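First the structure, in the form of structure tokens, and then the observations on it.
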Amino acid sequence: SSIFAAVEMAPRDPILGLNEAFQADPRAEKVNLGVGVYYDDNGKIPLLAAVKAAEEQRLKLAPPRGYQPIEGAAAYNKAVQTLLFGTDSALLDAGRAVTIEALGGTGALKIGADFLNRLNSSAKVYISDPSWENHRALFEAAGFDVGAYPYYDAATRGVNFSAMLAALKGYAAGSIIVLHACCHNPTGADLTLEQWQQVVDTIRERDLVAFVDMAYQGFADGIEPDAAALRLFADSGLEFFVSSSFSKSFSLYGERVGALTIVTADRDASARVLSQVKRVIRTNYSNPPTHGGIVVATVLSDAGLRAQWEEELAGMRDRIRLMRTQLVERIAAAGVKQDFSFVVQQRGMFSFTGLTAAQVERMKQEYGIYAVSTGRICLAALNSKNIDTVAKAIASVIA
Ligand code: PMP
Numbered sequence: 003s004s005i006f007a008a009v010e011m012a013p014r015d016p017i018l019g020l021n022e023a024f025q026a027d028p029r030a031e032k033v034n035l036g037v038g039v040y041y042d043d044n045g046k047i048p049l050l051a052a053v054k055a056a057e058e059q060r061l062k063l064a065p066p067r068g069y070q071p072i073e074g075a076a077a078y079n080k081a082v083q084t085l086l087f088g089t090d091s092a093l094l095d096a097g098r099a100v101t102i103e104a105l106g107g108t109g110a111l112k113i114g115a116d117f118l119n120r121l122n123s124s125a126k127v128y129i130s131d132p133s134w135e136n137h138r139a140l141f142e143a144a145g146f147d148v149g150a151y152p153y154y155d156a157a158t159r160g161v162n163f164s165a166m167l168a169a170l171k172g173y174a175a176g177s178i179i180v181l182h183a184c185c186h187n188p189t190g191a192d193l194t195l196e197q198w199q200q201v202v203d204t205i206r207e208r209d210l211v212a213f214v215d216m217a218y219q220g221f222a223d224g225i226e227p228d229a230a231a232l233r234l235f236a237d238s239g240l241e242f243f244v245s246s247s248f249s250k251s252f253s254l255y256g257e258r259v260g261a262l263t264i265v266t267a268d269r270d271a272s273a274r275v276l277s278q279v280k281r282v283i284r285t286n287y288s289n290p291p292t293h294g295g296i297v298v299a300t301v302l303s304d305a306g307l308r309a310q311w312e313e314e315l316a317g318m319r320d321r322i323r324l325m326r327t328q329l330v331e332r333i334a335a336a337g338v339k340q341d342f343s344f345v346v347q348q349r350g351m352f353s354f355t356g357l358t359a360a361q362v363e364r365m366k367q368e369y370g371i372y373a374v375s376t377g378r379i380c381l382a383a384l385n386s387k388n389i390d391t392v393a394k395a396i397a398s399v400i401a
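Throughout, the UniProt record's numbering is defined as the position within the sequence shown, counted from one, plus 2.
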């Protein structure tokens, strides 16, 4: 008999499954609001001019394709640290951070999770309720028991902060708390800086371990302001983990560019930690690919390219904001009395619209507009050509 006889069909990935259904839909005016990808006003994934210039530089140099170090390119790792902690960082000066290049934000989370599991496999991991759909599966695959702390409050469309804080206070020492640094996925609801400070204080008091996921730096208010929560952790003296993704901020999705940063107590601990994390990497994929990391490092270290990138990033941020205000205006113009202004308050690429699964299903059946059944839509998939259709569809299904 076949060695695969007992293999059952796995459930489809909820979001990638949505893409397949969208591709198969023959309607010309269909719209896919499901995926977390930034599209420009023409509905295309942009190739940033700063990225293109860095790629052209590299092509001209035609460097040989040797192996990278296990931890990736030093210039890249250093550039990532500066994005996270700023140019003037006591933490970095003290050698308290180690950064390794990872295969996207997902790869960074997985290397971090695997390393944490080697340190303490009986620790519990807590993610936000709700969270990015891969957080739970990823930490479970690393061997952890995963729970969720209260986060989103559908009634206020904000964060139920008192419930969140109370939950954190009840967790056992050593528990791992996964936090979204900014642009919470899927709700778009972020903590205020005062609330972040309380989270940092609670993590210290209860001996918890923070794992801060930074997948959208630059998509809320800008590179520096979006790192504000992280800087509170940096100032706290705590040890913590950070995963970075450049999939969105450099529009380099398929190049898989991310990084894992671990903040330790001192330079000696950093060296020991790095040596062990390298073992995790070596036995998984040996060393990261070259291209994406070099491109990002080139852009970040060249003043001209860096300025160009920041401008392009601001352009993406501003366009998403414009889509938020226009969607609210057009839903109102379509005769909806319900207040949708919360869409403008939410940050990042997503909005939790409050649409029910049944309403999302009607959007798909009647209008060819695809969204996640939780009511999450990606604002970056809206553009000047489809926004009216989407606003009218929303108005019609909630009527
Ligand atoms: N964390 C969060 C919160 C995300 O939304 C995503 C996906 N966009 C990731 C991590 C993974 O990023 P990447 O695509 O770079 O693996």
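C-beta atoms are modelled at their ideal positions from N, C-alpha and C, and glycine is treated no differently.
This structure is a prediction, so every number in the text was calculated from the model and none was measured.
Query	Result
Ala156 - DSSP class collapsed to helix/strand/coil	coil
Proximity test, Phe293 beta-carbon vs ligand 1 heavy atom, cut-off 7 Å	The amino acid at residue 293 is misidentified as Phe; the sequence shows His. Flag unset: Cβ of His293 not near ligand 1.
Cys270, buried or exposed, once every other Cβ within 10 Å from all chains shown has been counted against 16	It is worth fixing the name first, because residue 270 is Asp in this sequence and not Cys. Exposed, because fewer than 16 other Cβ atoms sit within 10 Å of the Cβ of Asp270.
Minimum length 4: unbroken alpha helix (DSSP H) runs contained in the region 4-75	16-26, 51-63
Endpoints, beta strand (DSSP E) assigned at Arg378	378-380
Residues sharing a beta bridge with Lys126, DSSP	Asp147
Closest Cα partner of Ala139 within the set Asp116, Lys394, Glu31	Asp116
According to DSSP, residues forming a beta bridge with Leu181	Val214
Unbroken beta strand (DSSP E) run spanning Ala99, endpoints	99-105
Limits of the unbroken beta strand (DSSP E) element including Glu260	In the sequence as displayed, the identity of residue 260 is Gly instead of Glu. Residues 259-265.
Contact the region 144-158 vs the region 229-238: 3+ CB pairs below 8 Å	no
Near ligand 1: Asp215 beta-carbon under 7 Å from a heavy atom	yes
Val303 Cβ short of 7 Å to ligand 1 heavy atom set	According to the sequence as given, residue 303 is Ser; it is not Val. Not so, every heavy atom of ligand 1 lies at least 7 Å from the Cβ.
Of the residues Ala393, Thr355, Val265, Ser251, the one placed nearest Leu302, counting alpha carbons only	Ser251
Ser251: CB within 7 Å of a non-hydrogen atom of ligand 1	no
Phe243, enclosing beta strand (DSSP E) - first and last residue	242-247
Where the alpha helix (DSSP H) through Phe221 begins and ends	Looking at the DSSP string, Phe221 is not in any alpha helix (DSSP H), and its letter there is neither H nor E.
Ser130 burial status per 10 Å Cβ neighbour count (16 or more: buried)	buried
Where Tyr372 falls: helix, strand or coil (DSSP)	strand
Three-state secondary structure assigned by DSSP to Asp95	helix
One or two residues paired with Phe352 in a DSSP bridge	Cys380
For Ala81 and Glu314, the rounded distance between their alpha carbons	18 Å
Met325 versus Pro16, Asp43, Ile17, residue with shortest Cα-Cα distance	Asp43
Contact check, Val201 vs Leu193, beta carbons under 8 Å	yes
Option nearest Val392 by Cα separation, candidates Gly160, Ile371, Val279, Arg378	Ile371
Neighbour flag for Val37 against chain D, beta carbons, 8 Å	Here chain D cannot be found, since the structure has a single protein chain.
Status (buried if at least 16 other CB within 10 Å, exposed otherwise) for Phe6	exposed
Distance between Ala273 and Thr266 (C-alpha atoms, nearest Å)	10 Å
Contact test: Gly68 Cβ vs ligand 1 heavy atom, cutoff 7 Å	no
Exposure label - Gly295; buried when at least 16 CB within 10 Å	buried
Length of the line joining the Cα atoms of Ile400 and Thr355	11 Å
Any non-hydrogen atom of ligand 3 closer than 7 Å to Trp198 Cβ	Within the structure as shown, ligand 3 is missing, the only ligands being ligand 1.
Backbone CA spacing between Ala30 and Asn388 [nearest angstrom]	11 Å
Simplified DSSP state of Asp131, which is helix, strand or coil	strand
Cβ-based neighbour list, Leu276, same chain, cut-off 6 Å, excluding 5 preceding and 5 following	Val100
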